[in-house]
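Using UniProt numbering, the letters of the sequence shown map in sequence onto residues 1 to 350.
Even glycine gets a Cβ: it sits at the ideal position worked out from N, Cα and C.
Given the structure is predicted, the values throughout are model-derived calculations rather than measurements.
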Amino acid sequence: MNNLSLYGWSNELFRLKQNSLHKHLFHGRVSAVNKTNYEVVSERGLLLCELTGNLLYGRPSFELPCTGDWIIFQPFDQDKGLIVDILPRVHTLYRRKSGTASDKQAIAAHVDKAFIVQSLDANFNVRRIERFMVQVLEESIQPIVVLTKSDLEFSGHYVNQSLAHLSFQMPVFFTSIHYPETLLPLRKSIVQGQTIVFVGSSGVGKSSLINSLCDRAVFATSETSSASGKGRHTSTRREMVLMNGSGVLIDTPGVREFGLATDDPGILTAMFDVADFASSCRFADCRHVDEPGCAVIAAVNNGQLAPEVYNSYLKLRKESWHFSASEHEKRKRERSFSKMTEEAKQVKKR
Ligand SMILES: Nc1nc2c(ncn2[C@@H]2O[C@H](COP(=O)(O)OP(=O)(O)O)[C@@H](O)[C@H]2O)c(=O)[nH]1
Ligand SMILES: [Mg+2]
Ligand SMILES: [Zn+2]
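The following block contains the structure:
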């Protein structure tokens, strides 16, 4: 028997369930997504579930269950189930599917905190931290930066300076799996019933960190997998684990490129600390590119705003505009297509 409140089940979710046609059936949380089925944690234990055809063919792929989703299922056999409904999502981490302009992919749902993980070697890159941060804030998930492998040599001065414009908005932790005491502050930041997603490139130590936090080898790391001869590519799916007496952790395979799937430039303005300057621009709709009386450009020129931060702001803003314009276009096309098929049906009827 599982106590689902440890997995984050709440009165609010119970209330949401009452709106479902299937409210009298069982609920559970998706702990892993396989190619053709889902692993679901329920009060009856771990089940292997499939989707009803209605769900499978009736929705765009980003609305199909992802790790962390709460679902309603009809049980069958000993340990199987059929997913009949998905509870409305909140705090979902999405990313743009690589190679597309506006297709997004759900990475994890019902997330409280995102650990943005980078290692203190060549992987450390503040521009990529910003990119993750925008996407995390878009869904009101709390971003936390975790810098791993602090046992390696690194320039603390350089790291702190690069993060100066972000660190007052989010905590930054330095960790090493070889020094367990460095994990204590991180442990303290994880609360029972909360869900934490770990994001970052492959090889930065996400799975190692989760294993250390759980005090057992839950996930394969590069080492364990090379010992078993499986090669370097370890986690290939998003998977959830319950930390003893603490929160729910979701490991993700490394993503090389994390494309923005956001259409709220306001987040960017606030995040980059541009808002304070922007309020003094001459024009209310200033884009801070080449307008006269732009206080943001003035701040760059007089050294109050670092040029690399300003450039990063412009770059991410452009990407988010591009995503939202393409998404808008796509919806328009879909609408006119369904209108066309409706009209065709009407013609047939006549
Ligand atoms: N020196 C050092 N190596 C680490 C640390 N954490 C992880 N590693 C190593 O980094 C490699 C990648 O770790 P892994 O957990 O598989 O990374 P993931 O791909 O992000 O899940 C492995 O060889 C780990 O042993 C750390 O704190 N210090
Ligand atoms: Mg891993
Ligand atoms: Zn301006």
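Assigned with DSSP and collapsed to three states, Arg287 falls in coil, not helix or strand.
In this model, Ser222 and Asn301 are separated by some 46 Å (Cα to Cα). Judged by DSSP in its simplified three-state form, Arg96 adopts strand. In this structure, Ser176 sits away from Asp215, with a CB-CB distance that is not shorter than 9 Å. Looking at the DSSP output, Arg29 bridges to Val41, Trp70.
Burial is judged here by how many other beta carbons sit within 10 angstroms of a residue's own beta carbon; Lys104 has at least 16 and is buried.
Around Gly28, the same chain offers Val40, Val41, Ser42, Leu47, Ile71, Phe73 as residues with beta carbons nearer than 7 Å, after the five sequence neighbours per side are excluded. Gly156 has its Cβ no nearer than 8 Å to any heavy atom of ligand 1. For Phe323, the shortest separation between its Cβ and any heavy atom of ligand 1 does not lie below 8 Å. Take the alpha-carbon of Ile144 and the one of Thr252: they are about 16 Å apart. In the DSSP annotation of this structure, the continuous segment of the alpha helix (DSSP H) that includes Val126 starts and ends at 126-138. Contact annotation: Phe132 and Val199 have beta-carbon atoms nearer than 9 Å. In chain order, Ala32, Asp251 place their CB closer than 6 Å to the CB of Glu239, counting only its own chain and leaving out the 5 sequence neighbours on each side. The set of residues with CB atoms less than 5 Å from any heavy atom of ligand 3 reads, in chain order, Cys281, Cys286, His288, Cys294, Val296. DSSP, reduced to helix, strand and coil, places Phe174 within a strand of the structure shown. Burial check for Gln118: the Cβ neighbour count within 10 Å reaches 16 or more, so the residue is buried.
Going by C-alpha positions, Glu334 is about 10 Å away from Glu327. Taken in chain order, the complete alpha helix (DSSP H) segments of 4 residues or longer contained in the stretch 295-322 are 295-301. Boundaries of the beta strand (DSSP E) around Phe198: 195-199. Between ligand 2 and the CB of Asp251, the shortest heavy atom gap is smaller than 8 Å.
Leaving aside the five residues that flank Asn123 on each side, the residues in its chain whose CB is nearer than 7 Å to its CB run, in chain order, Ser201, Val204. Counting only the Cα atoms, Thr67 lies some 27 Å from Pro265.
Beta-bridge partners assigned by DSSP to Pro143: Ala114.
Under the 10 Å beta carbon count, Val191 is surrounded by fewer than 16 other beta carbons and is classified as exposed.
The C-beta separation of Cys286 from Ala278 comes to about 7 Å, placing the pair in contact by the 8 Å criterion. Contact annotation: the stretch 50-64 does not touch the stretch 7-26, with fewer than three C-beta pairs closer than 8 Å. For Thr182, the secondary structure class from DSSP, reduced to helix, strand or coil, is helix.
Spanning the alpha carbons of Ser246 and Ile196 requires a straight line of approximately 11 Å. Under the DSSP assignment, Met271 falls in the alpha helix (DSSP H) whose first and last residues are 265-271.
Shortest gap from the CB of Ala32 to any heavy atom of ligand 2: 8 Å or more. Membership of Gly81 in the beta strand (DSSP E) is indicated by the continuous run 80-86.
Annotated as proximal: Gln142 and Asp112, with beta-carbon spacing under 9 Å. Here the C-alpha atom of Phe283 lies approximately 8 Å from the C-alpha atom of Glu291.
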